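Down below is the structure, laid out as structure tokens.
Residue numbers (the numbering used here), protein chains in the order written: chain W, 148 to 314; chain B, 351 to 492.
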């Protein structure tokens with residue numbers, strides 16, 4: 148048994164994780180909030196990405212769209228992370244072996260990395276191009292990568308159920 | 351151009367919605383089980399997993415050659431089963447269950463516990479709500 152699997156088994160057997168796994172209401176309620184907050188987070192991110200790609204709100208400066216949406220994105224992120232963490236804990240041992248969950252984590256990491264790179268490169272120079280209909284190619288690549296990676300995260304999240312095997 | 355893009359975006363969102371729509375079901379019946387392979391198992395409980403998103407009841411069943419085989423019976427989660435009157439602790443290790451269900455597509459000793467007869471004689475619908483399997487959508491079973 149690998150160290151990581153041991154950690155997952157330890158989490159899986161924690162009293163509160165077991166309580167969620169065996170709950171009547173808590174587990175489905177967490178799933179519901181997890182999916183609703185996904186809409187909030189990825190929805191607001193998609194609006195900014197589509198602006199960067201010149202699809203929506205083309206004549207609005209990028210920062211004027213991104214700044215007011217950011218709090219909603221963070222609220223969505225906080226809800227997703229906390230509900231997702233609790234759902235993971237309830238099934239930690241099963242998730243360890245789940246290929247869809249592993250791929251989802253990888254895509255999540257890449258989406259985060261993409262956001263960081265964009266934030267410290269193109270976006271830091273937004274004063275120069277923020278009002279242009281078509282932003283620099285780096286910003287457009289980051290936007291396309293963001294839409295693709297988040298779509299992948301959502302699909303893999305749903306796919307977890309289909310690789311869920313009990314032994 | 352813009353109208354086309356918006357239409358394409360709308361179509362993408364709708365298809366994602368269709369993918370996500372069986373929200374009540376963890377996965378559909380047909381993802382794992384074969385509706386053309388009904389089976390009845392009668393056996394003693396060796397293990398109970400009263401868990402989300404599915405519950406599992408493991409039973410020892412004697413096959414036609416007289417060998418004991420352990421089967422995993424997959425049912426709805428604790429919420430779904432409780433609403434139908436099957437409460438946590440209603441069955442114990444060693445109790446006899448009669449399970450009517452459908453065999454797994456992969457040939458493993460796994461059955462979708464569509465109807466379970468408990469030791470006290472009650473017959474409970476065991477399916478996951480909204481999974482599209484046999485008996486799903488029957489109001490009495492919700």
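All residues carry an ideal CB built from backbone N, CA and C; glycine is no exception. Small disclaimer: the values here were computed from a predicted structure and weren't measured.
Item to complete: Starting from residue 381 of chain B, find everything on chain W with Cβ-Cβ shorter than 7 Å and list it in chain order.
Response: Identification of chain W residues near residue 381 of chain B by a Cβ-Cβ cut-off of 7 Å yields 309, ordered along the chain.
Discussion item. Let me check understanding here. Comparing Cα to Cα, which of W/261, W/201, W/167 lies closest to residue 279 of chain W?
Written reply: W/201
Discussion item. Under 8 Å: do the stretch 162-175 of chain W and the stretch 228-246 of chain W share three or more Cβ pairs, one atom per stretch?
Written reply: yes
Practice prompt. Return the CA-CA distance between residue 482 of chain B and residue 266 of chain W, expressed in angstroms with no decimal places.
Written response: A straight line joining the alpha-carbon of residue 482 of chain B with that of residue 266 of chain W spans about 45 Å.
Practice prompt. Determine, using beta carbons only, whether residue 377 of chain B comes closer than 8 Å to chain W.
Written response: Yes, its Cβ sits closer than 8 Å to a Cβ of chain W.
Discussion item. Taking only three categories from DSSP, how would you classify residue 443 of chain B?
Written reply: When DSSP states are grouped into helix, strand and coil, residue 443 of chain B belongs to the coil group.
Worksheet item: To the nearest angstrom, how far is it from the Cα of residue 175 of chain W to the Cα of residue 227 of chain W?
Response: 14 Å
Worksheet item: Can you list the residues of chain W that residue 401 of chain B reaches, using a CB-CB cut of under 7 Å?
Response: Under the 7 Å cutoff, chain W gives 168, 169.
Worksheet entry | Three-state secondary structure assigned by DSSP to residue 162 of chain W | helix
Discussion item. Measuring only the C-alpha atoms, how far is residue 484 of chain B from residue 465 of chain B?
Written reply: 10 Å
Worksheet item: Counting Cβ pairs, one atom from each stretch, are 3 or more of them under 8 Å apart for the stretch 384-403 of chain B and the stretch 415-429 of chain B?
Response: yes
Worksheet item: Hey, out of B/397, B/468, B/431, whose CA is closest to residue 449 of chain B's CA?
Response: B/468
Discussion item. Rounded to whole angstroms, what is the Cα-Cα separation between residue 382 of chain B and residue 405 of chain B?
Written reply: 15 Å
Item to complete: Say whether the stretch 248-260 of chain W touches the stretch 207-218 of chain W, bearing in mind that this needs 3 or more beta-carbon pairs closer than 8 Å, one atom from each stretch.
Response: no
Worksheet item: Below 8 Å between beta carbons: does that hold for residue 168 of chain W and residue 402 of chain B?
Response: Going by C-beta atoms, residue 168 of chain W is nearer than 8 Å to residue 402 of chain B.
Worksheet item: Could you check where the beta strand (DSSP E) with residue 394 of chain B kicks off and where it finishes?
Response: 383-399
Worksheet item: Between the Cα of residue 269 of chain W and the Cα atoms of W/260, W/305, W/194, W/285, which residue gives the shortest distance?
Response: The shortest CA-to-CA distance from residue 269 of chain W to any of W/260, W/305, W/194, W/285 is the one to W/285.
Worksheet item: Does the beta-carbon of residue 274 of chain W have 16 or more other beta-carbons within 10 angstroms, so that it is buried, or is it exposed?
Response: exposed
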